[in-house]
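Here the structure is laid out as structure tokens; the discussion comes afterwards.
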Amino acid sequence: MLKKLAYITALAFLFLTFKANLVKAQNVSLSISPPILEAVIKSGEKIEQVYTLKNDGPDAIISVDIFTFNQADDFGNPRISKSIKDYDPLSVKYWFSFKEPQLSLGDKFSLKQGEEKKITLDINPEDNTPNGDYYFTLIFRTELDNTFVAPETKSSLSQAEIGSNILITISKDGIINRKAAVKEFKAPKIIDSFSPLTYQVKLANIGEGFFKPFGKITIESVLGKKYILNLAPQNIITASSREISCLENERLVPCRLPVKFLFGPYKATLSFEVENDKKSYSKTINSFGIPVIPLLAAFLLLITLIFVKKTKKKALDKKKNEV
Numbered sequence: 022m023l024k025k026l027a028y029i030t031a032l033a034f035l036f037l038t039f040k041a042n043l044v045k046a047q048n049v050s051l052s053i054s055p056p057i058l059e060a061v062i063k064s065g066e067k068i069e070q071v072y073t074l075k076n077d078g079p080d081a082i083i084s085v086d087i088f089t090f091n092q093a094d095d096f097g098n099p100r101i102s103k104s105i106k107d108y109d110p111l112s113v114k115y116w117f118s119f120k121e122p123q124l125s126l127g128d129k130f131s132l133k134q135g136e137e138k139k140i141t142l143d144i145n146p147e148d149n150t151p152n153g154d155y156y157f158t159l160i161f162r163t164e165l166d167n168t169f170v171a172p173e174t175k176s177s178l179s180q181a182e183i184g185s186n187i188l189i190t191i192s193k194d195g196i197i198n199r200k201a202a203v204k205e206f207k208a209p210k211i212i213d214s215f216s217p218l219t220y221q222v223k224l225a226n227i228g229e230g231f232f233k234p235f236g237k238i239t240i241e242s243v244l245g246k247k248y249i250l251n252l253a254p255q256n257i258i259t260a261s262s263r264e265i266s267c268l269e270n271e272r273l274v275p276c277r278l279p280v281k282f283l284f285g286p287y288k289a290t291l292s293f294e295v296e297n298d299k300k301s302y303s304k305t306i307n308s309f310g311i312p313v314i315p316l317l318a319a320f321l322l323l324i325t326l327i328f329v330k331k332t333k334k335k336a337l338d339k340k341k342n343e344v
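This is the structure we're talking about:
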């Protein structure tokens, strides 16, 4: 179960991971595992992470760098900032060291076609690091190796880059004050019976560490039937909000009621919890399904019949008057 949840979490956070620029490169392709590292570290302690980088394209020279990032919008898309080797006001570049192979930021190494390389990254925040969250992206970029690429093919090849996000929470005592807020939980109050009923969930992080919501939307119909929509455990970083999707067969899907015909009231209750937060969050909203199109058609038909009846009556009255 834990392995499955870890896999789901990695998928759920893909919208907040650095997106590889692979579509531009017809023959250049990189893959990296794991796609994300999440860690709580006490100041002065060290962690180690082994990455597997694979080159599925032609032989290439790979450069390595680490960038900071923050959230660009409410959909979890990242805004990659500057390399910590060029802009580092918090001196975080000294946290990172590559043990195997021994690399520095900006260094390059060769990776042949089909080759995998294990890269060990040590992360060791300094003792006086303030509590809080720190977000980075480990990025690998290809540069074509002139030794292996014929001059006539260079123009048809382009660079590729791929990244793995690093989310670090620094806590001197290991205690993290995680807090959430329901920023939006809404659906149409009145909806046509033949339209899909979709719920919008937007959660905010008002605490001191990133978190994932673990919860569901429970929907009850007028006949007492219950439907469960499971929330995707997507990361929400500090001082941000994010629209949360639902999870179905390990796929991210809209939070949509699986009913083809809606009729009457539907009560939906959002409920979720956050790790290390004793509070349970919930909010309830109501929607009402009405067959708008059939009712509108019946109304138009009724108006038409009344109009036809009145027209015929006027015609008959006119004939009587003429006689």
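The sequence shown begins at 22 in this note's numbering and counts up by one.
For glycine and all other residues, C-beta sits at the position ideal for the given N, C-alpha and C.
None of these values were measured; they are calculated from a predicted model.
Any idea which residues DSSP pairs proline 286 with across the strands?
-> Here residue 286 refers to the residue found at position 265 when the sequence shown is read from its first residue. According to DSSP, proline 286 bridges with Phe309.
What is the DSSP secondary structure of leucine 323, reduced to helix, strand or coil?
-> Numbered from its first residue, the sequence shown carries residue 323 at position 302. In the structure shown, leucine 323 sits in a helix (DSSP, three-state: H, G or I).
Per DSSP, which one or two residues make a beta bridge with serine 266?
-> Residue numbering aside, residue 266 sits at position 245 when the sequence shown is read from its first letter. According to DSSP, which records beta bridges pairwise, serine 266 is partnered with nothing at all.
Flag this pair as touching only if the segment 105–119 and the segment 130–137 have three or more C-beta atom pairs under 8 Å; answer yes or no.
-> Contact fails: fewer than three Cβ-Cβ distances are below 8 Å.
Leaving aside the five residues before and after lysine 247 along the sequence, list all residues of the same chain whose C-beta is less than 8 Å from its C-beta, in chain order.
-> Numbered from 1 along the sequence shown, position 226 holds the residue referred to as residue 247. Excluding positions up to five away in sequence, the list reads Thr239, Ile240 and Glu241.
Secondary structure at isoleucine 314, three-state DSSP: helix, strand or coil?
-> Along the sequence shown, read from residue 1 onward, the residue named residue 314 stands at position 293. Here isoleucine 314 sits in helix by DSSP.
Opposing strand residues paired with valine 203 [DSSP bridges] = Along the sequence shown, one-based indexing puts residue 203 at 182. Bridge partners of valine 203: Leu224.
Supposed contact pair threonine 219 and arginine 162 - C-beta distance, whole angstroms, cut 8 Å = Taking the first residue of the sequence shown as position 1, residue 162 is located at position 141. Taking the first residue of the sequence shown as position 1, residue 219 is located at position 198. The pair is not a contact, with the Cβ atoms about 39 Å apart (cut-off 8 Å).
Looking only at its own chain, which residues have a Cβ that is under 6 Å from the Cβ of glycine 65, when we skip the five neighbours before and after it?
-> Along the sequence shown, one-based indexing puts residue 65 at 44. Excluding sequence neighbours, glycine 65 sits near Asp148.
Which first and last residues belong to the beta strand (DSSP E) in which proline 79 is found?
-> For the purposes of this step, residue 79 is taken as residue 58 along the sequence shown, with counting starting at 1. Here proline 79 belongs to no beta strand (DSSP E), and DSSP marks it neither H nor E.
Just reading off the beta strand (DSSP E) that leucine 188 is part of, what are its end residues?
-> Against the sequence shown, residue 188 aligns to sequence position 167. First-last of the beta strand (DSSP E) with leucine 188: 182–191.
Measure from the alpha carbon of phenylalanine 231 to the alpha carbon of each residue in Ser125, Glu164, Phe215 and Pro254, then state which is nearest.
-> Start at 1 with the first residue of the sequence shown, and residue 231 comes out as number 210. Nearest option by C-alpha distance: Pro254.
In terms of residues, what are the limits of the beta strand (DSSP E) holding alanine 253?
-> To locate residue 253, count along the sequence shown from 1; it is residue 232. Per DSSP, alanine 253 belongs to no beta strand (DSSP E) and is neither H nor E.
Glutamate 269 vs phenylalanine 96 beta-carbon contact at 7 Å = What you label residue 269 is simply residue 248 of the sequence shown in a count that begins at 1. What you label residue 96 is simply residue 75 of the sequence shown in a count that begins at 1. No, these two residues do not count as a Cβ contact at 7 Å.
Is leucine 58 helix, strand or coil when you go by DSSP?
-> The residue labelled residue 58 in the question sits at position 37 within the sequence shown. It is a strand residue.
Return helix, strand or coil for alanine 41, following the three-state DSSP convention.
-> Looking up residue 41 in the sequence shown gives position 20. Interpretation of alanine 41 is limited by its pLDDT of 38, a score under 50 that renders its predicted location unreliable; the figure taken from the coordinates is listed afterwards. Coil at alanine 41, not helix or strand.
Rank Ile87, Ile53 and Asn152 by C-alpha distance to the C-alpha of lysine 106 and give the top, closest one.
-> On the sequence shown, residue 106 is found 85 positions in, with the first residue counted as 1. Selected option, being the one with the closest Cα: Ile87.
Answer yes or no: do valine 243 and glycine 285 have a C-beta to C-beta separation smaller than 7 Å?
-> Reading the sequence shown from its first residue, position 222 is the one you call residue 243. Reading the sequence shown from its first residue, position 264 is the one you call residue 285. Yes; because the gap between Cβ atoms is below 7 Å, this pair is in contact.
Mapping DSSP to helix, strand and coil, what is valine 113?
-> Reading the sequence shown from its first residue, position 92 is the one you call residue 113. Helix at valine 113.
Collapsed DSSP secondary structure at phenylalanine 169 in the structure displayed | Counting from one through the sequence shown, the residue named residue 169 turns up at place 148. With a pLDDT of 49 at phenylalanine 169, under the threshold of 50, the modelled position of that residue is not reliable, and the figure given next carries that caveat. Coil, per DSSP.
In chain order, what residues of the same chain lie with their CB nearer than 6 Å to the CB of proline 312, ignoring the 5 residues before and after it?
-> Here residue 312 refers to the residue found at position 291 of the sequence shown. If we look at proline 312 and ignore the five residues flanking it on each side, its Cβ neighbours are Ser214.
Buried versus exposed call for isoleucine 282 [16 or more other C-beta atoms within 10 Å across all chains shown] | Walking along the sequence shown from the start, residue 282 turns up at place 261. One point to set straight first is that residue 282 is phenylalanine, not isoleucine, in the sequence displayed. By the neighbour-count rule (16 or more Cβ atoms within 10 Å), phenylalanine 282 is not buried but exposed.
Cβ-based neighbour list, glutamate 59, same chain, cut-off 6 Å, excluding 5 preceding and 5 following | Your numbering for residue 59 matches position 38 in the sequence shown. Closer than 6 Å at the Cβ level, and outside the excluded window around glutamate 59, lie Leu188.
Contacts around asparagine 251, its chain only, beta-carbon distance under 7 Å, and the 5 residues preceding and following it disregarded = In the sequence shown, the residue the question calls residue 251 occupies position 230. Taken in chain order, the residues that qualify are Lys237, Cys267 and Leu268.
Can you tell me where the beta strand (DSSP E) with glutamate 66 in it begins and where it stops?
-> On the sequence shown, position 45 is the one that residue 66 refers to. No beta strand (DSSP E) holds glutamate 66; DSSP gives it neither H nor E.
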